[in-house]
Every structure is written in structure tokens, then in C-alpha cells.
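Asks: Take this structure first; my questions come after.
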Amino acid sequence: MTGTPSYADVIQLAIDNEQKAADLYAGLAQSAESPAARTHFEQLANMERGHKMKLETMDVQFFADRDAKPPQDLKISDYLVDVELTPNASYQDTLLYAAKCEKAAAELYTDLSKVYESNPEVSHMFQVLAQEEAHHKFTIEREYDDKVYREL
2 MTGTPSYADV
12 IQLAIDNEQK
22 AADLYAGLAQ
32 SAESPAARTH
42 FEQLANMERG
52 HKMKLETMDV
62 QFFADRDAKP
72 PQDLKISDYL
82 VDVELTPNAS
92 YQDTLLYAAK
102 CEKAAAELYT
112 DLSKVYESNP
122 EVSHMFQVLA
132 QEEAHHKFTI
142 EREYDDKVYR
152 EL
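Its first residue numbered 2, the sequence shown is counted upward by one per residue in our numbering.
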């Protein structure tokens with residue numbers, strides 16, 4: 002693609018990212034070590050599917066009714082080395098990988114909210130998505146803190 006992406010291109014990128022995240026969490030749920038982790042990843046997969054559906058239908062009202070307050074940021078994954086997600090990945094690695102994916106998604110949506118500042122509804126939609134992805138990062142990092150750091 003050359004030049005500035007169209008609005009439709011940006012929305013499709015967001016839809017594709019939400020699907021990738023949903024697939025990632027569904028896979029992590031299947032391989033989770035504990036029922037609590039399985040439930041946690043299933044919930045994240047369902048949230049990502051919900052984001053995708055809202056983007057596909059462009060339900061701006063859904064986003065308009067949401068507050069764009071940032072959650073607490075534990076910053077655990079911000080300072081850890083990137084990991085590759087492999088079939089043999091440890092639970093620690095899957096959590097770290099997922100947190101880094103959520104951080105990247107939040108940053109993408111934050112950037113898109115700035116690109117579309119001239120359209121307040123669309124900008125707000127991306128701000129809400131950014132904060133929801135940041136919240137996902139927080140919940141994953143909290144799981145990392147509870148499970149990985151306690152074992153050290």
C-alpha cells in the first residue's frame with residue numbers, strides 16, 4: 002500500500018488485529034495450565050471478538066458510551082526481553098508475549114486516535130480501544146505477577 006491509508010484500510014487493519022488477538026487467546030486458553038488461566042484467556046478472546054464485531058458494524062455509539070480512562074500500568078512486560086511464542090512456550094512466556102501484544106495494540110490505537118483527531122467520534126473510538134487493550138495488558142501482567150513472580 003502506498004500513500005496514506007484510507008479510513009476503510011485503517012478499520013480493516015484494526016479488525017484483523019482484533020481477530021489475531023482473539024485467535025491468540027483462544028489458543029492460550031486451550032493450553033492453559035490452570036482452569037483460572039483458561040477462563041482468563043477465554044474472557045480475553047471473547048473481548049477481542051467483541052471489539053472486532055463493533056468495528057465490523059462500526060457501532061460508534063458503543064464506543065461513545067465508553068470512558069477512555071487509562072488503567073493502572075504495572076509495566077512488567079515493558080522491561081522484559083521479547084519472547085517468541087512457540088508450541089513449547091512456558092506459561093511465563095505466553096503471558097509475556099500476550100502482554101507485549103496488548104501493549105502494541107494499545108499503541109496502535111493511540112496513534113490512530115491522533116490521526117483521526119479531526120473526527121472526534123472516530124478518534125474517541127480508537128481511544129477507547131487503546132484503553133481496553135491497555136486494560137488487557139494490565140490483567141495479563143497481574144496474572145504474570147501473581148503466578149510467575151510468586152514462584153521465583
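In this text, a Cβ means the ideal position worked out from N, Cα and C, and glycines have one as well.
Flag this pair as yes or no: are the beta carbons of Tyr80 and Lys148 separated by less than 8 angstroms?
Replies: No, the Cβ-Cβ distance between Tyr80 and Lys148 is not below 8 angstroms.
Asks: Count the other CB atoms, across all protein chains shown, that sit within 10 Å of the CB of Met59; report buried if there are 16 or more and exposed otherwise.
Replies: exposed
Asks: From the DSSP output, in three-state form, read off Ile12 for me.
Replies: helix
Asks: Let me check understanding here. Comparing Cα to Cα, which of Gln44, Ile141, Phe127 and Lys76 lies closest to Ala23?
Replies: Gln44
Asks: Quick check on this structure: which residue in Val116, Ala37 and Asn47 has the alpha carbon closest to the alpha carbon of Lys21?
Replies: Asn47
Asks: Sort Arg39, Ile12 and Glu103 by Cα distance to Leu56 and report the nearest one.
Replies: Ile12
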